[in-house]
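Take 419 as the starting number for the sequence shown in the UniProt record's numbering and just add one per residue. First the structure, in the form of structure tokens, and then the observations on it.
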Amino acid sequence: RAKESGRNTFQFYTPDLSVNVLERLQLEMDLRRALAQQEFVLYFQPKLDAVSGALTGAEALIRWRDPRHGLIPPNRFIPVAEEAGLIEPIGQWVLSEACRQLLRWQALGVAGLSLAVNVSARQFKQADFVASTEALVRAGGVAPALIELELTESMLMSDAGQTAEKLHELKALGFSIAIDDFGTGFSSLHYLRHFPVDVLKIDQSFVREMFDDAAALAIIDAVIALANALGMGSVAEGVETEAQRATLREHGCRTVQGYLIARPMPSDEFVGWARAYRAGLAADAQADGDVD
Ligand code: C2E
Ligand code: MG
Ligand code: MG
Ligand code: MG
């Protein structure tokens, strides 16, 4: 199976996975059970307008609540799920659950948010990816315009013809397309011209180093300029300090996401956070109004 997916497969063999075969089999079995027993859970991390501070959306991030090992982060099981052929059902669960939560938030008065969902390479490669994504989102009662699909550069680069077609179909259905971890893969500017991309997500490694490495800041600057020039949005991920946020805003970055604003949290906590955050913004605006 590894051979089939070709050149890009090596990237799934991260150090985390260099466990022995037995451990690997056990993990696969556990993942199958997790799917059947609904042990996966989505956490949500807010995204803010860099200038106004308005809460504009959230990113859905999967975790696995393993009864024995507790909360397991995605980097520990998504690559194995891909290898084991379990990523399609997991990806489908993620989309349905994301829609379900978005509707719940709306019902609870936390409206006007878009929701970003991560898509794995193998999932995107499925011939029926577009149809099944549309069907799931429609069944979930959510307008595709509220869903932002996060893809990575390497996914876009392999099989460019197929990719372009899928992206145009998704676009036509109303979905937004973001390129995640932008700047860490082998991207080609050519694709940015021919693929209907809406958003570039600046990888957190650049943000982390922006004050220590002049090149990192230069790349951030270039990516933001590129996004602006092409009429795309820009999201900086991994924003942890006020200084990073201020500099990103000064450099024209549109959206910020990171621990500075909030860590990813379970849905109910997210609703509480969003309400309090919006109330705080409204109170600030009121106070500003009183001063003027
Ligand atoms: P990603 O999509 O690039 O997500 C950003 C990661 O950075 C998340 O890790 C998030 O919790 C973390 N993060 C956010 N803000 C900060 C910050 O200020 N500082 C630091 N150090 N980290 C921050 P997480 O949740 O562990 O997810 C890791 C990766 O797993 C994701 O990277 C994504 O590629 C993948 N993933 C997550 N959920 C899903 C999913 O539902 N499906 C698929 N296929 N992949 C997923
Ligand atoms: Mg992402
Ligand atoms: Mg990312
Ligand atoms: Mg990442």
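Cβ atoms here follow ideal geometry from the backbone N, Cα and C, with glycine treated the same way.
Can you tell me which of the three DSSP states residue i falls into?
i: F428; result: Because F428 sits at a pLDDT of 47, beneath the cut-off of 50, its placement in the model cannot be relied upon, and the point is left open.
i: A549; result: helix
i: N536; result: strand
i: E687; result: helix
i: V498; result: helix
i: V469; result: coil
i: E627; result: coil
i: P507; result: helix
i: D706; result: helix
i: V560; result: coil
i: A680; result: coil
i: Q519; result: helix
i: Q580; result: helix
i: Q524; result: helix
i: A420; result: Because A420 carries a pLDDT of 42, less than 50, the predicted location of this residue cannot be relied on, and the following value inherits that uncertainty. Coil.
Identify every residue that forms a DSSP beta bridge with residue i.
i: D484; result: G488
i: S594; result: E566
i: G651; result: V617
i: G475; result: K465, S532
i: A659; result: The question names Ala, yet the displayed sequence has Thr at residue 659. Per DSSP, none; premise fails for T659.
i: F600; result: I620
i: L460; result: I480
i: T673; result: D467, V653
Contact defined as beta carbons within less than 8 Å: I believe residue i pairs with residue j. What is the distance between those atoms, to the nearest angstrom?
i: L479; j: P492; result: 7 Å
i: M650; j: F604; result: Contact doesn't hold; Cβ gap of about 19 Å is too wide.
i: L466; j: T659; result: Contact flag wrong, Cβ pair sits at about 15 Å.
i: I679; j: E655; result: 11 Å between Cβ atoms; not a contact.
i: R696; j: L473; result: 6 Å
i: L533; j: A516; result: 5 Å
i: A645; j: L666; result: In fact, because the Cβ distance is near 12 Å, the residues do not count as touching under 8 Å.
Taking one C-beta from the segment 625-638 and one from the segment 605-613 each time, how about it: are there three or more such pairs within less than 8 Å?
no
Closer than 5 Å is what we want: which residues have a beta carbon that near any heavy atom of ligand 2? List them in chain order.
N536, E568, D598
Would you check if the segment 458-465 and the segment 501-521 touch, i.e. whether three or more CB-CB distances between them fall below 8 Å?
yes
Could you tell me whether the segment 584-598 touches the segment 565-575, where touching means 3 or more Cβ pairs closer than 8 Å?
yes
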